[in-house]
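Residues in the sequence shown are numbered consecutively from 3, following my numbering. What follows is a short report on a single structure.
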Amino acid sequence: MTPADATGLPASAEIPPELATRFVDHGAIARNVGRIREITGTSVMAVVKADGFGHGWREVALTALDAGAEWLGVATVDEAIAIRHAGITAPTLCWLADPWTNLAEAVRTGITVSCANRPTLVAVAAAAVETGVRAQVQLEIDTGMSRGGASETEWDDLCLQAASEEAAGHLVVTGIWSHLALAESPDPGVNDGQVAAFRLGVELARLRGLRPALLHLANSAGALEHPETRLDLVRCGASLYGIETVHDRSHGLEPAMRLVSRVTQLRRVAEGTGVSYNHLFVSDRPTTLALVPVGYADGIPRELSRGGEVVIRGRRHPVVGAISMDQFVVDVGDRPVELGDEVVLLGSPTRGEPDAQEWADLTGTIAHEILTGLGGRMARRHRYETGRV
Ligand SMILES: Cc1ncc(COP(=O)(O)O)c(C=O)c1O
3 MTPADATGLP
13 ASAEIPPELA
23 TRFVDHGAIA
33 RNVGRIREIT
43 GTSVMAVVKA
53 DGFGHGWREV
63 ALTALDAGAE
73 WLGVATVDEA
83 IAIRHAGITA
93 PTLCWLADPW
103 TNLAEAVRTG
113 ITVSCANRPT
123 LVAVAAAAVE
133 TGVRAQVQLE
143 IDTGMSRGGA
153 SETEWDDLCL
163 QAASEEAAGH
173 LVVTGIWSHL
183 ALAESPDPGV
193 NDGQVAAFRL
203 GVELARLRGL
213 RPALLHLANS
223 AGALEHPETR
233 LDLVRCGASL
243 YGIETVHDRS
253 HGLEPAMRLV
263 SRVTQLRRVA
273 EGTGVSYNHL
283 FVSDRPTTLA
293 LVPVGYADGI
303 PRELSRGGEV
313 VIRGRRHPVV
323 GAISMDQFVV
333 DVGDRPVELG
343 DEVVLLGSPT
353 RGEPDAQEWA
363 DLTGTIAHEI
373 LTGLGGRMAR
383 RHRYETGRV
């Protein structure tokens with residue numbers, strides 16, 4: 003006898019055993035790559051850092067490359083090495099190398115290492131000597147972000163050192179890149195200063211004898227909204243996963259993640275019932291409360307305790323009371339909700355479901371942080387249009 007036979011509930015085969023699942027839609031990822039390519043007419047780097055923004059870097063990388071992305075981009079050397087160890091040979095750039103990271107393995111496996119200062123460049127050259135493999139390098143210049151990248155005062159020295167290492171046969175500088183600070187602004191002239199600074203930096207690099215073939219500047223917002231930033235390659239993270247990063251602008255992207263859980267407890271309560279820690283919510287009528295077994299330890303922001311909504315049986319219902327570490331409560335009123343019902347936490351706005359941007363707006367952050375913060379005990383299941391699961 004299966005549990006379903008004994009309880010009269012839906013059969014366990016219809017419901018995954020894990021309490022919360024991130025379903026990743028690879029059709030959406032492939033179509034998003036297609037949209038980016040169509041809009042930009044530029045080569046695409048699929049940014050798969052931070053475990054593919056929580057979608058699973060390996061699976062996302064394979065789908066994005068299949069769909070026409072030409073490069074992969076990650077932050078750390080270790081993320082890049084994992085790509086090679088998974089047998090993926092596509093051009094891969096990592097932009098947070100320092101002299102203490104595993105540069106020898108990066109160089110040996112043909113990863114393109116970004117260098118933003120002399121010590122890192124010298125360490126990459128040393129790794130090339132150690133491995134007997136000419137290193138692939140791209141130089142990062144700061145053009146107004148004041149985060150990573152060589153500053154104006156360091157740039158000439160970095161170019162001179164790179165030219166000298168190139169002449170010695172230790173490395174080849176295949177590109178120069180920078181990062182935009184204000185790309186999410188709809189103002190058409192907002193990037194002009196950075197574009198101009200970038201062009202100056204490239205000119206200086208050429209004067210020092212470098213011949214960078216690839217110039218790149220744009221993230222998703224730059225790529226989709228600011229044509230002057232597209233250059234030879236666009237580095238797309240958010241848009242790959244279906245996040246529209248420019249307020250009130252739509253580029254036909256589809257959210258690639260659907261986060262679902264289910265109702266594991268139902269309780270009918272009287273008017274005046276306090277709910278969860280500190281009774282942040284007190285019911286103003288008799289109502290039914292549904293328990294959802296996922297919480298802040300899994301990346302559900304506690305700020306959703308006020309204003310968060312989920313979808314059950316096609317209808318939105320409010321989160322009520324404080325979100326706990328492992329569970330939260332939804333007020334379903336008098337609707338016919340049952341144990342085992344699917345709870346959609348993140349889905350498609352076109353179907354009236356919340357998406358990561360909605361959560362971000364409610365919690366004062368950006369969708370990137372919402373997606374990369376999910377995890378904990380959540381499972382991930384990949385869905386392919388060909389039926390591969
Ligand atoms: C250097 C760099 N390039 C590109 C991206 C992708 O940005 P977005 O996710 O906004 O497309 C990131 C991500 O934060 C980044 O750090």
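Ideal Cβ positions, reconstructed from N, Cα and C, are used throughout, including at glycine.
| For Glu-61 and Ala-69, the rounded distance between their alpha carbons | Indexing the sequence shown from 1 puts residue 69 at position 67. Indexing the sequence shown from 1 puts residue 61 at position 59. Annotation: Ala-69 to Glu-61 spans about 12 Å, alpha carbon to alpha carbon.
| query | For Ser-263, which of Val-331, Ala-362 and Ser-241 has the nearest alpha-carbon? | reply | Here residue 263 is taken as the residue at index 261 of the sequence shown, counted from 1. From the listed residues Val-331, Ala-362 and Ser-241, the smallest Cα separation to Ser-263 is found for Val-331.
| Identified DSSP bridge partners for Ala-267 | Mapped onto the sequence shown, residue 267 falls at position 265. Rather than Ala, the amino acid found at residue 267 in this sequence is Gln. Leu-293.
| task | Flag Cys-96 as yes when its Cβ comes closer than 7 Å to any non-hydrogen atom of ligand 1, and as no otherwise. | result | In the sequence shown, counting from the first residue as 1, residue 96 sits at position 94. Answer for Cys-96: no, Cβ out of range of ligand 1.
| query | Is any heavy atom in ligand 1 found nearer than 7 Å to the beta carbon of Ala-63? | reply | On the sequence shown, position 61 is the one that residue 63 refers to. No, the Cβ of Ala-63 stays beyond 7 Å of every heavy atom of ligand 1.
| query | How would you write the range of the beta strand (DSSP E) that Glu-75 sits in, first residue to last? | reply | On the sequence shown, residue 75 is found 73 positions in, with the first residue counted as 1. Residue identity check: residue 75 is Gly in the sequence provided, not Glu. First-last of the beta strand (DSSP E) with Gly-75: 73-76.
| field | Distance between Gly-316 and Ser-354 (C-alpha atoms, nearest Å) | value | Mapped onto the sequence shown, residue 354 falls at position 352. Mapped onto the sequence shown, residue 316 falls at position 314. It should be noted that the sequence gives Gly, not Ser, for residue 354. Using only the alpha carbons, I get a separation of about 8 Å.
| request: Flag Asn-119 as yes when its Cβ comes closer than 7 Å to any non-hydrogen atom of ligand 1, and as no otherwise. | output: Residue mapping note: residue 119 aligns to position 117 of the sequence shown, counting from 1. Flag unset: Cβ of Asn-119 not near ligand 1.
| field | Close Cβ partners of Thr-111 (< 6 Å) along its chain, the five nearest in sequence each way excluded | value | Along the sequence shown, one-based indexing puts residue 111 at 109. Closer than 6 Å at Cβ, skipping near neighbours: Arg-86.
| request: Go ahead and pull the three-state DSSP assignment for Leu-282. | output: Mapped onto the sequence shown, residue 282 falls at position 280. For Leu-282, the secondary structure class from DSSP, reduced to helix, strand or coil, is coil.
| task | Go through its chain and collect everything with a Cβ distance to Gly-54's Cβ below 6 Å, but skip five positions before and after it. | result | As a working mapping, residue 54 is identified with position 52 in the sequence shown. If we look at Gly-54 and ignore the five residues flanking it on each side, its Cβ neighbours are Val-62.
| field | Residue interval of the beta strand (DSSP E) (run including His-249) | value | For the purposes of this step, residue 249 is identified with residue 247 of the sequence shown, where counting begins at 1. No residue range can be given for His-249, since it is assigned to no beta strand (DSSP E) and is classified by DSSP as neither H nor E.
| query | How many whole angstroms separate the CB atoms of His-228 and Gly-177, which I take to be in contact at a CB cut-off of 8 Å? | reply | On the sequence shown, position 226 is the one that residue 228 refers to. On the sequence shown, position 175 is the one that residue 177 refers to. With a Cβ gap of about 20 Å, His-228 and Gly-177 do not count as contacting.
| Should Val-49 be listed as close to ligand 1, given that the test is whether its C-beta is under 7 Å from any heavy atom? | Start at 1 with the first residue of the sequence shown, and residue 49 comes out as number 47. Within the cutoff, so yes.
| request: Quick one: residues in its chain with C-beta nearer than 7 Å to the C-beta of Gly-297, no 5 flanking neighbours on either side, listed in chain order? | output: Reading the sequence shown from its first residue, position 295 is the one you call residue 297. Excluding residues within five positions, the ones whose Cβ falls inside 7 Å are Ile-325, Ser-326, Met-327, Asp-328, Gln-329 and Phe-330.
| message | Please classify Pro-190 as buried or exposed, where buried requires at least 16 other C-beta atoms within 10 Å of its C-beta. | response | On the sequence shown, position 188 is the one that residue 190 refers to. Around the beta carbon of Pro-190, fewer than 16 other beta carbons sit within 10 angstroms, so the residue counts as exposed.
| said: Please report the straight-line C-alpha distance between Leu-141 and Ala-118, rounded to a whole angstrom. | reply: Position 139 of the sequence shown, counted from the first residue, corresponds to residue 141. Position 116 of the sequence shown, counted from the first residue, corresponds to residue 118. So the alpha carbons of these two residues sit roughly 6 Å apart.
| task | Examine the Cβ distances between the region 195-206 and the region 246-262 and report whether three or more of them are shorter than 8 Å. | result | No, the region 195-206 is not in contact with the region 246-262.
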